[in-house]
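Residue numbers (the numbering used here): 2 to 356.
Backbone N, C-alpha and C fix where the C-beta goes; we use that ideal spot for every residue, glycine too.
Quick caveat, the model's predicted, so the values are computed rather than measured.
Note sheet for the following structure.
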Amino acid sequence: MYESISVVDIFCGVGGLSHGLLNAGLPVRAGVDNDLHCCYAFEANNPGTAFVERNVDDPRLPELLEVIYGPTDMRVLVGCAPCQPFSSQTQKNMSSREDKRGDLLYRFADIVRALRPTLVSMENVARIIRQPVFRDFVANLTQMGYHVWAKAVDCRKYGVPQIRRRLVLMASQLGPLELDSSVYDRYKTVRDTIGHLEAIPAGGVSKSDPLHRTQRLSTLNMRRIRNSKPGGTWLDWDEELRLTCHKKKTGQTYTSVYTRMAWDIPSPTITTQFYSFGTGRFGHPEQNRALSLREGALLQTFPQDYSFVRPNTKAMDISMSRLGGQIGNAVPVELAKAIGRSMVEHLMEHGVLRS
Ligand SMILES: C[S@@+](CC[C@H](N)C(=O)[O-])C[C@H]1O[C@@H](n2cnc3c(N)ncnc32)[C@H](O)[C@@H]1O
């Protein structure tokens with residue numbers, strides 16, 4: 002390990018980004034998030050870290066982070082600000098200026114200005130690249146003297162079995178820094194990732210893994226999934242099963258909801274609602290149910306033993322929507338590992354680290 006480097010992850014959630022950086026050999030010291038429900042998973046799976054329950058908006062946060070970094074460590078600041086203000090759904094409903102969460106990127110820049118970390122990385126939805134708040138973020142870093150690189154990347158090329166494009170920004174005070182462009186020559190598939198898991202019914206849970214649990218389906222949705230073909234659409238269903246909105250002209254384009262994934266290609270983007278049959282192509286390829294929480298986590302490249310709930314948590318205390326949200330919001334661990342590897346190589350090139 003590299004004792005003289007300290008990484009802090011703001012908006013750390015349950016730790017997808019931190020876990021990937023740790024796997025790449027970067028010592029993550031702390032994660033900051035205002036949702037205490039993320040604390041257990043963040044700390045339990047990421048040894049040596051502390052969860053700091055704080056609002057990133059808190060003006061005293063830089064002072065606290067100054068203590069966490071210590072006076073002599075080389076500072077690395079990473080974070081994935083909430084993506085909802087920039088998601089396509091939110092963009093349809095409101096301008097990003099109306100959603101205060103968009104402002105958190107300005108707070109991110111304020112923290113960089115206060116702490117001057119040597120390396121910075123930020124991850125977000127691809128469409129943020131066109132937003133004024135993002136252009137301002139890049140301009141702020143450039144004006145502070147950072148070499149800034151940003152690109153919307155195809156996560157499949159980094160070992161993530163999902164069709165997912167994400168914006169990765171990397172910035173360094175030492176010189177140009179880019180995400181390593183190493184490409185997987187074969188994309189991982191749904192079968193490679195979840196094909197080995199035990200079969201469970203809709204509304205069921207595995208005896209050996211409390212995360213391998215699925216949402217119940219109504220009688221009507223059970224009939225619909227039985228009529229769904231892997232990789233197909235609701236156009237495969239009998240007429241009487243179709244939703245009223247599907248029958249309208251405007252509903253005809255939404256063919257990738259209420260349907261099954263295909264086994265031998267990557268999955269669609271895992272969203273915060275991947276556990277629900279009606280919100281995307283989130284039906285299991287052959288079992289009559291939506292994805293389980295564990296399947297969503299594996300597709301996000303969390304390791305299978307990543308623990309999201311304390312041992313012996315009662316079933317009634319496991320919230321599908323909360324955990325589904327945390328898993329769907331995470332930076333895929335394999336993408337985070339690629340970010341970490343690129344940082345390590347960069348630090349070696351500049352003589353800060355020795356191999
Ligand atoms: C996109 S998720 C981050 C995912 C995380 N990096 C991972 O890889 O698992 C955004 C996180 O920001 C947190 N958050 C939202 N607003 C915040 C605020 N004002 N201060 C601190 N955390 C905030 C949310 O609770 C959520 O966990």
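Note down, in chain order, each residue of its chain lying with its Cβ closer than 7 angstroms to the Cβ of residue i, except the 5 sequence neighbours on either side.
{"i": "Gln174", "result": "Thr119, Gly146, Tyr147"}
{"i": "Pro63", "result": "Ile112, Ala115, Leu116"}
{"i": "Thr50", "result": "Ser19, Val29, Arg30, Ala31, Gly32, Phe43, Glu44"}
{"i": "Glu67", "result": "Leu116"}
Whole angstroms is fine: what's the gap from residue i's alpha carbon to residue j's?
{"i": "Arg225", "j": "Phe138", "result": "45 angstroms"}
{"i": "Cys40", "j": "Tyr307", "result": "13 angstroms"}
{"i": "Leu178", "j": "Thr143", "result": "13 angstroms"}
{"i": "Ile6", "j": "Ser183", "result": "25 angstroms"}
{"i": "Ala291", "j": "Pro83", "result": "25 angstroms"}
{"i": "Ala203", "j": "Gln216", "result": "6 angstroms"}
{"i": "Leu168", "j": "Cys81", "result": "10 angstroms"}
{"i": "Arg355", "j": "Gly325", "result": "40 angstroms"}
{"i": "Phe278", "j": "Asp58", "result": "36 angstroms"}
{"i": "Thr302", "j": "Ile201", "result": "21 angstroms"}
{"i": "Phe109", "j": "Pro312", "result": "34 angstroms"}
Can you check whether the C-beta of residue i is within less than 8 angstroms of a C-beta belonging to chain D?
{"i": "Arg261", "result": "Absence of chain D from the displayed structure is noted, only one protein chain being present."}
Can you tell me the Cβ-Cβ gap for residue i and residue j, rounded? I've got them flagged as a contact below 8 angstroms.
{"i": "Met321", "j": "Leu294", "result": "7 angstroms"}
{"i": "Glu335", "j": "Tyr188", "result": "About 12 angstroms; that fails the 8 angstroms criterion."}
Can you tell which of the options has the C-alpha that lies nearest to the C-alpha of residue i?
{"i": "Val8", "options": "Pro48, Val79, His38, Val57", "result": "Val79"}
{"i": "Gly196", "options": "Ala151, Asp265, Arg167", "result": "Asp265"}
{"i": "Asn35", "options": "Val15, Gly26, Ser219, Asn47", "result": "Val15"}
{"i": "Ala263", "options": "Thr194, Ala331, Leu324, Thr220", "result": "Thr194"}
{"i": "Arg165", "options": "Leu218, Pro267, Val53", "result": "Pro267"}
{"i": "Arg128", "options": "Ser122, Arg136, Val121", "result": "Arg136"}
{"i": "Thr314", "options": "Asn222, Val258, Asp210, Leu218", "result": "Asp210"}
{"i": "Arg433", "options": "Val310, Cys13, Gly326", "result": "Beyond the ends of the chain as shown, which are 2 and 356, falls residue 433; an answer cannot be given."}
{"i": "Gly329", "options": "Phe283, Leu354, Leu37", "result": "Phe283"}
{"i": "Val154", "options": "Met349, Val332, Gly325, Tyr259", "result": "Val332"}
{"i": "Pro60", "options": "Asp74, Tyr107, Gly71", "result": "Tyr107"}
{"i": "Val258", "options": "Phe275, Gly281, Leu236, Val121", "result": "Gly281"}
{"i": "Tyr276", "options": "Asp74, Leu212, Leu236", "result": "Leu212"}
{"i": "Tyr1", "options": "Asp10, Asn46, Pro231, Asn47", "result": "Nothing can be reported for residue 1, as the shown portion of the chain is limited to 2 through 356."}
Once the 5 residues before and after residue i are set aside, which same chain residues still bring their CB inside 8 angstroms of it?
{"i": "Trp238", "result": "Arg225, Asn228, Ser229"}
{"i": "Val191", "result": "Pro162, Met262, Ala263, Trp264, Asp265, Ile266, Pro267, Ser268, Pro286, Leu300"}
{"i": "Met95", "result": "Confidence at Met95 is low in this model, with a pLDDT of 47, below 50, so its placement is unreliable and no value can be given for it."}
{"i": "Leu27", "result": "Tyr3, Ile6, Val8, Val77, Gly341, Met344, Val345"}
{"i": "His38", "result": "Arg323, Gln327"}
Here's a check: name, in chain order, each residue in its chain whose Cβ is nearer than 6 angstroms to the Cβ of residue i, leaving out the five neighbours to either side.
{"i": "Asn24", "result": "Lys338"}
{"i": "Gly352", "result": "none"}
{"i": "Asn125", "result": "Cys84, Leu168"}
{"i": "Val206", "result": "Arg214"}
- Run through the region 150-202 for me and flag every whole alpha helix (DSSP H) of 4 or more residues, listed as ranges in chain order. 191-195
- Task: Jot down the residue ranges of each uninterrupted alpha helix (DSSP H) in the region 264-303, minimum 4 residues, whole runs only, in chain order.
- Result: 294-300
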